[in-house]
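Structure first, then comments.
Protein chains: 2
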Amino acid sequence: MSARNSIRLVDVARAAGVHPSTVSRVLRDSDRAAVRPETRERILTVASELRYRPNALARGLKTAATATFGMLVPSLRNPVYSEIVRGAVADATRRGYVIVLTEDDSTVTEQVWDRLVEEGRIDGIVVASAAPGNPVLELVAGSRVPYVFANRRVPGSGHNVYMREEDAARIAAEHLIGLGHTALAQVAGPLGLDTAGRRAAGFSEAVVSAGLQLPALVEAPFEERGAYEAMGRLLQSRARPTGVYVSNLNQAIGALARARRSGLRVPEDLSLIGYDDDPLTDFLEVPLTAIRMPLGELGATAIEELARQIDGEPARDHEVTTAPLLVVRASTAAPPEELIPATTPEPSYAAQVT
Amino acid sequence: MSARNSIRLVDVARAAGVHPSTVSRVLRDSDRAAVRPETRERILTVASELRYRPNALARGLKTAATATFGMLVPSLRNPVYSEIVRGAVADATRRGYVIVLTEDDSTVTEQVWDRLVEEGRIDGIVVASAAPGNPVLELVAGSRVPYVFANRRVPGSGHNVYMREEDAARIAAEHLIGLGHTALAQVAGPLGLDTAGRRAAGFSEAVVSAGLQLPALVEAPFEERGAYEAMGRLLQSRARPTGVYVSNLNQAIGALARARRSGLRVPEDLSLIGYDDDPLTDFLEVPLTAIRMPLGELGATAIEELARQIDGEPARDHEVTTAPLLVVRASTAAPPEELIPATTPEPSYAAQVT
DNA sequence: TCTCGCTACGCAAACGTTAGGCTAAACCAC
DNA sequence: GTGGTTTAGCCTAACGTTTGCGTAGCGAGA
Chain A
27 MSARNSIRLV
37 DVARAAGVHP
47 STVSRVLRDS
57 DRAAVRPETR
67 ERILTVASEL
77 RYRPNALARG
87 LKTAATATFG
97 MLVPSLRNPV
107 YSEIVRGAVA
117 DATRRGYVIV
127 LTEDDSTVTE
137 QVWDRLVEEG
147 RIDGIVVASA
157 APGNPVLELV
167 AGSRVPYVFA
177 NRRVPGSGHN
187 VYMREEDAAR
197 IAAEHLIGLG
207 HTALAQVAGP
217 LGLDTAGRRA
227 AGFSEAVVSA
237 GLQLPALVEA
247 PFEERGAYEA
257 MGRLLQSRAR
267 PTGVYVSNLN
277 QAIGALARAR
287 RSGLRVPEDL
297 SLIGYDDDPL
307 TDFLEVPLTA
317 IRMPLGELGA
327 TAIEELARQI
337 DGEPARDHEV
347 TTAPLLVVRA
357 STAAPPEELI
367 PATTPEPSYA
377 AQVT
Chain B
27 MSARNSIRLV
37 DVARAAGVHP
47 STVSRVLRDS
57 DRAAVRPETR
67 ERILTVASEL
77 RYRPNALARG
87 LKTAATATFG
97 MLVPSLRNPV
107 YSEIVRGAVA
117 DATRRGYVIV
127 LTEDDSTVTE
137 QVWDRLVEEG
147 RIDGIVVASA
157 APGNPVLELV
167 AGSRVPYVFA
177 NRRVPGSGHN
187 VYMREEDAAR
197 IAAEHLIGLG
207 HTALAQVAGP
217 LGLDTAGRRA
227 AGFSEAVVSA
237 GLQLPALVEA
247 PFEERGAYEA
257 MGRLLQSRAR
267 PTGVYVSNLN
277 QAIGALARAR
287 RSGLRVPEDL
297 SLIGYDDDPL
307 TDFLEVPLTA
317 IRMPLGELGA
327 TAIEELARQI
337 DGEPARDHEV
347 TTAPLLVVRA
357 STAAPPEELI
367 PATTPEPSYA
377 AQVT
C-alpha cells in the first residue's frame, strides 16, 4: 500500500468544524443542498486552502462512475485515427472525462476488454476498430457498458457514429467528371470494411447517375503495396481509366508510385484523387488532390453520444454532417483527350485550394 | 448510481463455501497463501465459472494502486509521438497496465494533472511534453507520483528517458561527409528544446571533429513553414552549403520545398538529410534520406522505468541505446564539385536502404 | 403551551476489495 | 496427556467517498 499523503474529505470536515457528509454535500450538490450560505462558504474556502481533491477511486466505487472512457483504435500509425483520437480526447477533457487508449490488435482485445470494462474501469467505450469478425463485437454484445462504434459502422447496432463517406466519394466523382473525365475507376479498400464499402458504393453511384458507365473497381488492402498492384491491374485493362479515385491515403501513395513507374504523368495522363487528407500530401511527388474528412468532429461526436447514453438516453446513430472538403492540389486535371463536355459545371460544394 | 450487475468477490465466496478473504487470498497471493490445494482449486474453478472479475476501483481504493499510467504528449498530429505512444501502450498492456492519454496543450495541463494525479487516478505518468516553462514541470516537482520525462529531458531531474540524439546527428554528419561534402549546414529546431539542442550540438561536433568548419546553423520551429524560411536564409548566404541536416520531418519537407523553389536539384545540387523517418517519406517528391529513431522502444522504456519506480527502486535516467538507423534514399549524393577525398570511408553503423 | 413543519446538519451504512490478527483443529515430540 | 507449532481459513477493520434517514433547533400557528 503506497503512501497516502493527500488531504481527504474528513480533513476538510475537521478543519471546517462540520461532518464529512456536509462537506460532501456542499462539494457535490452545488447549491441544491440545505446548508447555510455561511457554512457553505467556510467549507469551500477550507477545501481550497487545503487544496482538497476528492479521491476518484473512492468516489467511483460509491457512485459506480469513473469519469473515464475507453477507446479502441485499429492503429495509431494511421494518422486518420490519430486525428479521431485527438478530437475524442479534447471533447472528453472538456466534459471532465479522461480517455484510456488502446490499439486493438486482436491478440489483446479480450484481455484489454476485461481490464477496462469487466473490471469497471470505464463508463463507456469508443470502438473505432470494428470489423467483421473482430471479437470485440461479441464482447460489446455480451455487456451493458455504453458504447459507440466510431467511423466503422456495425449495421443494425444503432450505436454508430460515422461520416458521410458516400458524399466524399461523390464529391471525388463529381470533381473528376467536372474536369471532363469519362473513363473512371477506383481503387477501393477491403469491401468488408464499412467505410471502404460506402466509399466504393458512393463513387460508383455518383458516376452512374452522371450517365457514365459503372466504373471499374479493384479491391486492395489499405496500404501502399496493395494499391500499387491494384493500380497495375487497372492500367493494364483494355479501357484504361483517365481518372481514378483511391480510397485511402496510403493507397493513393502506392497508386501514384505505380503510375509513375508505368511512365504515366500525373495529372497530364492520369488524374488521381485520394481520400484522407494529410499535411504531408502537399509535398508528395505530385501534391495530391484529396477529400478532407471531419475526423476530429467524428471523435468528439463519439464522446458526445457516450455522454448521452450515460445520461440515460437511448443509444442512437449519429451522422457527422459536416461536409467533406475537396482539397484541390496538383494530381487532378482535365483528361488527355479534349473531351470536356461544354456544360458540366463544377459542383457547388465547398472547395479549398492549398 | 448505475446498474450493479457483475459478480463480486462475495458471490464467489458463497458459491465456493468459503470466506471472501480466502477467495481474495487465493486470487492475489498466487500460491504463497496457506490454503489447501483442494480449496484453492474449488475457488479457482468457481471464480472462472462465474466469470468473476475483481472491481478495479475497490481494489485500487484498498491497495492505493490503479494499474493505470498517465501520458502527456505535445501533439498526436506528430507521428513521432504517435509512435512513442504505441510503444508505451504496448508495453503497458503487457505489464497489466492501461494508459490514459492526453495532449498537453498547456491550456488544460493543470486541470488534467489534477484529474489524473491529485484525484489518484494513476500510478505514474509519462511526460513527453516537457519544455522550458511548461507548468507540468512545477506540478511534477510538487507531487510525489512516479514520473518519467520521455524524449525531452529535464536536466538534473534524474527521470529522463531519451534517445541518442547526438549519435543520430553524428550519423547524419558522417553520411554527408562520407559523400564528400565539406560545406555543411543545419536547420535546427527550437534550441530550447532538449532534443533539438542535442541534435544541433551533435551535428556541429561531428562536423568539427572531422576537421571541417563549424557548420552554419539556422533555428526554426518544428514545422514546414519555419524550415522553408530558414532554408531560404541558408541558401542566400555567401558560402552556400551543399549538404544540409534538417532536424525534423516537417522541417525537412519545408526545406525540400524551398530548395525546389530556388531552382536547386536535390540531390544533384544539394543534399538533404532529415530526422524522424516516416513511411511517407519514401514517396516525397525526392525520397528523403533520414535517420530512423527507436521511438517505440523509447515509449516502452518509459513504462519500464515507471514500473521500476513503483517497485520502489530509485528513479534514474535511461538512454535508449538502440542505434539510430540511417535510411538512405534519394535526397543525398556526392556534392556537385568533385571534391571527394580519397580515403574517407563510409562509417560503419548499420544502414538500411529502402 | 403544544404541535407542526422547516432548516441545517449529523449518523451510519454502504460501494467491493485487501490484509492483519485471530482461532480452531491437527500434528508433533516429549 | 500436555504443551507448542503448524495449518487453514474466518473475522473485521479499513480504503475515502456518497446518500438515505434521523433529529436537534427554531419560528409560527392554534
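Respectively, the protein sequence lines represent chains A and B. Sequential numbering from 27 applies to the first sequence in this note's numbering. Sequential numbering from 27 applies to the second sequence in this note's numbering. Every residue gets a Cβ at the ideal spot worked out from N, C-alpha and C, and that includes glycine.
{"Query": "Boundaries (first-last residue) of the alpha helix (DSSP H) holding Y107 (chain B)", "Result": "105 to 120"}
{"Query": "Opposing strand residues paired with H344 (chain A) [DSSP bridges]", "Result": "A:V187"}
{"Query": "Collapsed DSSP secondary structure at V270 (chain B) in the structure displayed", "Result": "strand"}
{"Query": "Alpha-carbon to alpha-carbon, L202 (chain B) and N31 (chain A)", "Result": "55 Å"}
{"Query": "Opening and closing residue of the beta strand (DSSP E) in which E129 (chain A) lies", "Result": "124 to 129"}
{"Query": "Beta-carbon neighbours of G7 (chain A), restricted to chain B and to distances below 8 Å", "Result": "There is simply no residue 7 (chain A) to check, as chain A begins at 27 and stops at 380 in what is shown."}
{"Query": "Residues bridged to L351 (chain A) [DSSP beta-bridge criterion]", "Result": "A:R318"}
{"Query": "Cα-Cα separation between V166 (chain B) and S101 (chain B), rounded to whole angstroms", "Result": "20 Å"}
{"Query": "Which residues DSSP lists as bridging Q212 (chain B), in chain order", "Result": "B:L243, B:Y271"}
{"Query": "Spatial distance of E144 (chain A) from V138 (chain A) (CA atoms)", "Result": "9 Å"}
{"Query": "Members of the stretch 139 to 150 of chain B near chain A, C-beta cut-off 7 Å", "Result": "D140, R141, L142, E144, E145, G146, R147"}
{"Query": "Beta-carbon spacing of A333 (chain B), G300 (chain B) below 7 Å", "Result": "no"}
{"Query": "Chain-ordered neighbours of V115 (chain A) on chain B, where CB pairs are closer than 9 Å", "Result": "L102, L127, T128, E129"}
{"Query": "C-beta neighbour in chain B for N274 (chain A), strict 7 Å", "Result": "no"}
{"Query": "Distance CB(A281 (chain B))-CB(V272 (chain B)) smaller than 7 Å", "Result": "yes"}
{"Query": "S155 (chain A) versus E64 (chain A): straight-line alpha-carbon distance, rounded", "Result": "53 Å"}
{"Query": "Residue span of the beta strand (DSSP E) that contains S299 (chain B), given as start and end", "Result": "The residue you asked about is not Ser; residue 299 (chain B) is Ile in the sequence shown. Per DSSP, I299 (chain B) belongs to the beta strand (DSSP E) from 297 to 301."}
{"Query": "Straight-line gap, R85 (chain B) to A93 (chain B) (C-alpha atoms, nearest Å)", "Result": "10 Å"}
{"Query": "Straight-line Cα distance separating A176 (chain B) from Q378 (chain A)", "Result": "Unreliable placement is indicated for Q378 (chain A), whose pLDDT of 33 sits below 50; no coordinate value is reported for it."}
{"Query": "Residue environment, A59 (chain A), which counts as buried when at least 16 other CB atoms sit within 10 Å", "Result": "exposed"}
{"Query": "Residues bridged to Y78 (chain B) [DSSP beta-bridge criterion]", "Result": "Paired residue(s): none; Y78 (chain B) is not in a bridge."}
{"Query": "Partner residues on chain A for I299 (chain B), Cβ-Cβ distance less than 9 Å", "Result": "Under the 9 Å cutoff, chain A gives no residues; its nearest Cβ is about 16 Å from I299 (chain B)."}
{"Query": "Which residues DSSP lists as bridging M97 (chain B), in chain order", "Result": "B:L127, B:V152"}
{"Query": "is_contact[F309 (chain B), chain A] using C-beta, thresh 7 Å", "Result": "yes"}
{"Query": "Outcome for A42 (chain B) when other beta-carbon atoms lying within 10 angstroms are tallied against a minimum of 16", "Result": "buried"}
{"Query": "Residue range of the beta strand (DSSP E) that includes F175 (chain B)", "Result": "173 to 176"}
{"Query": "L310 (chain A) - DSSP class collapsed to helix/strand/coil", "Result": "strand"}
{"Query": "Supposed contact pair Y173 (chain B) and G150 (chain B) - C-beta distance, whole angstroms, cut 8 Å", "Result": "6 Å"}
{"Query": "Minimum Cβ-Cβ distance from S47 (chain A) to chain B less than 7 Å", "Result": "no"}
{"Query": "Segment limits, alpha helix (DSSP H) that includes P181 (chain B)", "Result": "Per DSSP, P181 (chain B) belongs to no alpha helix (DSSP H) and is neither H nor E."}
{"Query": "Environment of G113 (chain A) [buried if 16+ CB atoms lie within 10 Å]", "Result": "buried"}
{"Query": "Assigned exposure category for R66 (chain B) - 16 Cβ within 10 Å defines buried", "Result": "buried"}
{"Query": "Chain B contact residues for G86 (chain A), given Cβ-Cβ distances below 8 Å", "Result": "L83"}
{"Query": "Status (buried if at least 16 other CB within 10 Å, exposed otherwise) for P367 (chain B)", "Result": "Because the pLDDT at P367 (chain B) is just 44, under 50, the model does not fix this residue reliably, and the point stays unresolved."}
{"Query": "Among B:G223, B:D130, B:R141, B:V52, the one whose alpha carbon lies nearest that of R68 (chain B)", "Result": "B:V52"}
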